[in-house]
Amino acid sequence: MKTHSPVSRSGRFAGDPAAEVAQFTESISFDWRLWRHDILGSMAHAQMLQKIGVLTRKELQAIVRGLDAIGKEIRAGKFKWNPALEDVHMNIEAELTRRVPAGAKLHTARSRNDQVALDIRLWLRDEIVSLLGEIADLQRALVLLGERNAEVLIPGYTHLQRAQPVYFAHHLLAYVEMLERDCDRLWDCHSRVNVCPLGSGAIAGSTLPLRRELVAKLLKFEDASGRPQITQNSMDAVSDRDFAIEFCADAALLAVHISRLAEDLILWAGSEFNFIKIADAYTTGSSLMPQKKNPDIAELARGKTGRVIGNLVALLTLLKGLPMTYNRDLQEDKEQLFDTVDTVRATTRLMAAMLRNTKVNRMACALAVSDPALLATDLADYLVRKGMPFRQAHHVVGAVVALAEEEGKPLNEMTLAELQCVHKTFGRDALGVFDVQRAMAKRNIIGAPGTKEVAKQLARWRKQLS
Ligand code: ARG
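Quick note, the working numbering runs 46 ahead of the 1-based positions in the sequence shown.
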């Protein structure tokens with residue numbers, strides 16, 4: 047009698063798998079982390095089996111108690127995982143059956159194919175909810191930093207060249223918008239993760255009268271109005287990993303957004319910009335250069351984006367060319383998915399914490415934004431208000447900029463005579479456009495970095511995120 051080989055080999059196989067085969071095929075070393083959801087799924091399945099008469103009440107009770115006890119041992123780190131039993135599903139079931147004879151009935155009308163699809167969906171559903179909370183927290187950290195520095199202006203950049211003045215908060219709120227789209231996408235993804243595949247069996251359902259909707263309800267696979275969500279094609283259900291790919295795509299875009307934020311912070315923390323100072327606890331030192339304080343959190347956030355993108359590509363490649371339905375290849379989905387979840391969750395949390403420990407260097411920001419060239423467009427707008435076509439105004443101001451450069455002085459120090467020498471439309475009030483406070487007060491259309499508009503947007507986000 048074989049003692050260690052998994053139930054999946056009993057009967058038909060003459061012996062255990064070769065040691066290296068067992069090692070090659072096992073997944074317990076990584077899928078053990080599905081244990082909580084595996085147990086929840088089994089409990090719901092058992093409840094349904096009792097309702098349709100496969101289990102007696104007593105057997106159900108024994109199974110639920112047994113699973114509960116196993117769950118407690120796993121949580122306490124006392125459960126011994128056996129690699130010979132391949133995966134989390136067979137480890138738990140084998141131990142249950144060892145303790146409770148009725149455990150042998152638990153797998154009725156269930157296959158590991160629909161079981162693993164169920165477990166990943168249950169697990170990912172929870173992870174998405176946690177991640178959404180963490181993204182909201184990162185958004186709050188951005189809003190808070192903006193509020194604390196509500197009057198700070200910095201140059202906005204295009205092509206990494208100084209372009210036009212913006213409130214520092216406006217720059218931060220750009221990321222809040224990006225993150226909000228990530229949340230929308232993740233919620234949308236959640237609705238497709240939130241569909242119950244159990245009852246699909248190995249590929250073709252079951253001859254037993256399973257009550258799939260009951261299982262779905264027990265496991266809260268429901269839409270907003272409480273209707274149970276269950277898969278509609280058993281073959282699709284056991285081979286579908288679209289929901290995992292979709293999540294990885296959403297996570298990749300989230301990681302890209304965080305990476306861009308990281309890049310801005312890295313630039314700002316450098317002495318060339320010097321716009322921000324990250325607290326010591328959130329920076330690291332150099333082993334050689336004693337003066338260094340490095341923004342390693344932001345750099346790692348940027349760097350880890352590579353693997354998050356890589357995981358998406360790995361999953362797409364895994365699915366490409368798979369014949370219907372379940373193929374063992376699909377076991378390779380988990381490490382990528384787990385790594386993606388772990389990476390984006392940690393990155394999101396750390397970025398939020400770092401932002402909460404970041405101060406703005408107001409002097410350096412004020413100095414950078416004092417460059418009057420940032421308001422050259424406002425000077426063109428001044429001419430437009432006087433009736434000049436914008437294309438001509440652009441040309442005229444370009445000539446003023448060239449003249450100022452030639453004379454080696456800043457734009458706002460040009461005399462009226464010099465301006466009128468370029469074009470006689472310039473009046474006494476022309477130099478007024480270089481008052482940056484007034485310039486910001488004028489930008490009050492929706493979405494612009496105007497004084498009132500940015501305050502309004504900060505208040506809107508504050509309310510929405512509270
Ligand atoms: N460990 C497997 C996986 O992660 C479980 C499903 C195995 N099913 C099978 N028929 N071999 O995909």
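Virtual Cβ for every residue (Gly too), placed ideally from N, Cα, C.
Keep in mind that this is a model prediction, so the values were computed, not measured.
Residue 87 carries a helical assignment under DSSP once its states are collapsed to helix, strand and coil.
If only complete runs of 3 or more residues are kept, the segment 85-164 shows no beta strand (DSSP E) anywhere.
Between the alpha carbons of residue 396 and residue 329 lies a gap of roughly 12 Å. For residue 277, no beta strand (DSSP E) encloses it, and the DSSP letter there is neither H nor E. Collapsing the DSSP output to three states places residue 202 in a strand. Residue environment: residue 204 is assigned as exposed (fewer than 16 neighbouring CB atoms within 10 Å of its CB, all protein chains considered). Per DSSP, residue 208 is one residue of the beta strand (DSSP E) stretching across 207-213. Taking the C-beta atoms as reference points, residue 361 is found nearer than 7 Å to residue 294. Within a 10 Å sphere around the beta-carbon of residue 195 sit 16 or more other beta-carbons, which makes this residue buried.
A direct Cα-Cα distance of roughly 11 Å separates residue 239 from residue 291. The ligand ARG has a heavy atom closer than 6 Å to the beta-carbon of residue 162.
For residue 323, the uninterrupted beta strand (DSSP E) run begins and ends at 322-324, by DSSP. Secondary structure at residue 266: coil, using DSSP grouped into helix, strand and coil. Where residue 470 is concerned, there is no enclosing beta strand (DSSP E), because DSSP gives it neither an H nor an E. Residue nearest to residue 170 within the set 384, 448 and 493 is 384 (criterion: CA-CA distance). Counting C-beta atoms within 10 angstroms of its own C-beta, residue 99 has fewer than 16 neighbours from the protein chains shown and is therefore classed as exposed.
Counting every other CB atom within 10 Å of its CB across the protein chains shown gives residue 431 a total below 16, marking it as exposed. Residue 315 and residue 289 have their C-alpha atoms some 38 Å from each other.
Two segments are said to touch when three or more pairs of C-beta atoms, one from each, lie closer than 8 Å; by this definition the segment 259-268 touches the segment 82-102. Counting along the chain, the unbroken alpha helix (DSSP H) around residue 389 starts and ends at 379-402. Our two residues, residue 436 and residue 421, have alpha carbons roughly 15 Å apart in a direct line. Non-local C-beta neighbours of residue 149 in its own chain, meaning closer than 7 Å and more than five positions away in sequence, comprise 109, 112, 139, 142 and 143, ordered along the chain. The DSSP-derived three-state label of residue 482 is helix. Within the chosen limit of 6 Å, the ligand ARG does not reach the beta carbon of residue 194 with any heavy atom. Looking at the DSSP output, residue 235 sits in no beta bridge, so it has no partner there.
Per the coordinates, the alpha-carbon of residue 412 lies some 14 Å from the alpha-carbon of residue 480. In the displayed model, residue 455 falls within coil according to three-state DSSP, outside both helix and strand. Sixteen is the threshold: when 16 or more other Cβ atoms of the shown chains lie within 10 Å of the Cβ of residue 304, as they do, the residue is buried. In the structure shown, the three-state DSSP call for residue 357 is helix. In the three-state scheme derived from DSSP, where H, G and I count as helix and E and B as strand, residue 366 is classed as coil. Annotated three-state conformation of residue 488 is coil, per DSSP. Straight-line spacing of the CA atoms in residue 270 and residue 233 works out to 12 Å.
Straight-line measurement puts the Cα of residue 82 at about 21 Å from the Cα of residue 376. Note on geometry: alpha-carbon atoms of residue 410 and residue 320 lie some 6 Å from one another. With a 10 Å radius around the Cβ and a threshold of 16 neighbouring Cβ atoms, residue 474 comes out exposed. Per DSSP, residue 229 has no beta-bridge partner at all.
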